Amino acid sequence: MHSVVSRSLMVFTTTLAAALLALSTPALAAAAPQGQCANRQAPPPPVDTSEKPAPGKQAPPPLAVPAVPVGGDRMAECGLITPDGALNPPDGNTAASWLVQDLDTGAVVAAKDPHARQRPASLIKTLLALVVVTELDPRQVVVATKEDAEQECTCVGLVAGGQYTVDQLLHGLLMHSGNDVAHAFATVLGGPDAALAKMNALAARIGALDTRAATPSGLDGPGMSTSAYDLSLIFHYAMKQPEFAKVVSTKNFEIPPTGGKPAIPIWNDNKLLGVYPGFLGGKTGFTDDARHTYVGAAQRKGKRLAVVMLRAEQKPTKVVDQAAKLLDYGFELEADRAAPVGRITYQAPAATPSSSDPSVLADGGTGNSGTSSAAAAAKEDPFGVTGWIITLVVFLIILGGFVVGHQRKRAAR
């Protein structure tokens, strides 16, 4: 009889322990997919030597990965992320990562591996442009240097000693992706290192936690990193700046003659401008390591949507045509009132990590000076739910052992 009771008590204790431990696992399980996705910490290995550090320097380590995905739980998913019951996007999309957002509400309409870390190529110029429009007067005159004029091109064609206004250069930066212009802006901002510091500080301030600019132009460099989510956030923020929105919507522009050189005509590289109905502008990019990158926005029936594509290819169809299909898909989902799968949110990163693991942010990844729901719960209960459950399990096991021991003593008498 005693042995039956003992076995029953041990079975009950074990079952209860397993059940209580199961209650503690959802938070861990929810976080697991984010760590398992490819390129969660860093972009794919480079195909050339463009990211080789300068002699005597080391490549910076990957940026910290937030414990909680920025933009919502579904933003941690690796593959296709669509509203429940929605049709899949059109075939033929080659981008490794992409995101469609509502520019007005910040709702993420659909996405694919949005926080995978990729390279931005010239899309990083949107971040440089944000620094420019917030720090420089559009009428300020910039004198191009010899170094500016000799940058690795794509180039607008700046001449050493030529005088240009910030507004003129901004058109060259965003419409024709001039690397000579990017270097000229970096020089005005205090030099390339100072410009990069300002770009990365701005990215951190608005919550682009996957982004590190390694060059002002978007040419690949050690530690270069971004994501479809981050570039969507940066573009969302940029389109709120009137000067930026005006420039990316300009189809052609002319920089007046200067330095004894003729005027420089500029045509917008974004082939959807003037072709896709309601197109508002955007930016294109390419490097061997980044492959093709793209951002563009359009308006239809009062809705403004934007798409970001990273690591795409020009076959079987051109990247701009793939982007147009994603915009069409987004407008269809909006018309059907599909529920958002995430949200673009502005937030600042925590100053210090909460543990010895450098990949975890102090605020649990909300990037907010306030607290996330997880962080708030931790403050209310410092010991944590899991800690209390484990303590209870241990207590029950000890109690079971005490009862069994007591019964064995009685049986031995």
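The sequence shown: position 408 = 1333 (the working numbering), numbered continuously.
From the three backbone atoms N, C-alpha and C, an ideal C-beta is built for every residue, glycine too.
Since the structure is predicted, the reported quantities are computational estimates derived from the model, not experimental observations.
Of the residues 1223, 1267 and 1237, the one whose Cα lies closest to the Cα of residue 1253 is 1223. Between the region 1008 to 1023 and the region 1233 to 1242 there are three or more C-beta pairs closer than 8 Å, enough to call the two in contact. For residue 1119, the uninterrupted alpha helix (DSSP H) segment begins and ends at 1117 to 1131. Taking the Cα positions, residue 1133 is about 42 Å away from residue 1185. Distances from the alpha-carbon of residue 1146 to those of 963, 973, 964 and 965 put 973 closest. For residue 1034, no alpha helix (DSSP H) segment is defined; the enclosing uninterrupted segment is the beta strand (DSSP E) at 1032 to 1037.
Cβ atoms of residue 1258 and residue 1011 come within 8 Å of each other, at about 6 Å.
By the CB criterion at 8 Å, residue 1157 and residue 1026 fall inside the cutoff. Counting only runs of 3 or more residues that sit fully inside the region 1050 to 1119, the beta strand (DSSP E) segments are 1066 to 1068 and 1088 to 1090, in chain order. Between the alpha carbons of residue 1261 and residue 1189 lies a distance of about 46 Å. Excluding its 5 nearest sequence neighbours in each direction, residue 1087 has C-beta neighbours in its own chain below 6 Å: 1069, 1183 and 1184, listed in chain order. The residues 1217, in chain order, have a CB closer than 7 Å to that of residue 1239 in the same chain once the five nearest residues on each side in sequence are set aside. Looking at the backbone, the Cα of residue 1104 and that of residue 1009 are separated by about 43 Å. In the structure shown, the three-state DSSP call for residue 1139 is coil. Each residue's CA atom was taken as its position, placing residue 1194 and residue 1054 some 16 Å apart. For residue 1159, the secondary structure class from DSSP, reduced to helix, strand or coil, is helix. Counting along the chain, residue 1026 sits inside the beta strand (DSSP E) bounded by residues 1022 to 1027. Boundaries of the alpha helix (DSSP H) harbouring residue 1173: 1167 to 1173, taken from the DSSP string. Between the alpha carbons of residue 1268 and residue 1006 lies a gap of roughly 13 Å. Here DSSP, grouped into helix, strand and coil, assigns residue 1247 to helix.
Relative to the Cα of residue 1048, the nearest Cα in the group 1265, 1129, 1246 and 1136 belongs to 1136. By the Cβ criterion, the region 1066 to 1083 is not in contact with the region 1028 to 1045, since fewer than three pairs of Cβ atoms, one from each stretch, lie closer than 8 Å.
For residue 961, no beta strand (DSSP E) segment is defined; the enclosing uninterrupted segment is the alpha helix (DSSP H) at 951 to 961. A straight line joining the alpha-carbon of residue 1255 with that of residue 1016 spans about 14 Å.
The shortest C-alpha to C-alpha distance from residue 979 to any of 1139, 1034 and 1100 is the one to 1139.
Less than 8 Å divides the Cβ of residue 1098 from the Cβ of residue 1110.
The beta carbon of residue 1077 is closer than 7 Å to those of 1104 and 1144 in its chain, skipping five residues each way along the sequence. If you ignore the 5 residues before and after residue 1211, its C-beta comes within less than 6 Å of the C-beta of 1046 and 1217, all in its own chain and listed in chain order. The three-state reading of DSSP puts residue 1210 in strand, counting E and B together. DSSP places residue 1271 outside both helix and strand once states are collapsed to three, so it counts as coil. Cβ-Cβ distances below 8 Å link residue 1063 to 1090, 1091, 1092, 1095 and 1168 in the same chain, with the five nearest sequence neighbours on each side left out; the list follows chain order. Within the same chain, 966 and 967 come within 6 Å of residue 987 by CB-CB distance, once the 5 residues on both sides are set aside.
Between the C-alpha atoms of residue 1001 and residue 994 there is a straight-line separation of about 6 Å.
Out of 970, 962, 976 and 1208, the CA that lies nearest to the CA of residue 1037 is found in 962.
In the DSSP annotation of this structure, the continuous segment of the beta strand (DSSP E) that includes residue 1221 starts and ends at 1216 to 1225.
Shown here, residue 1150 sits in a strand according to DSSP, grouped into three states.
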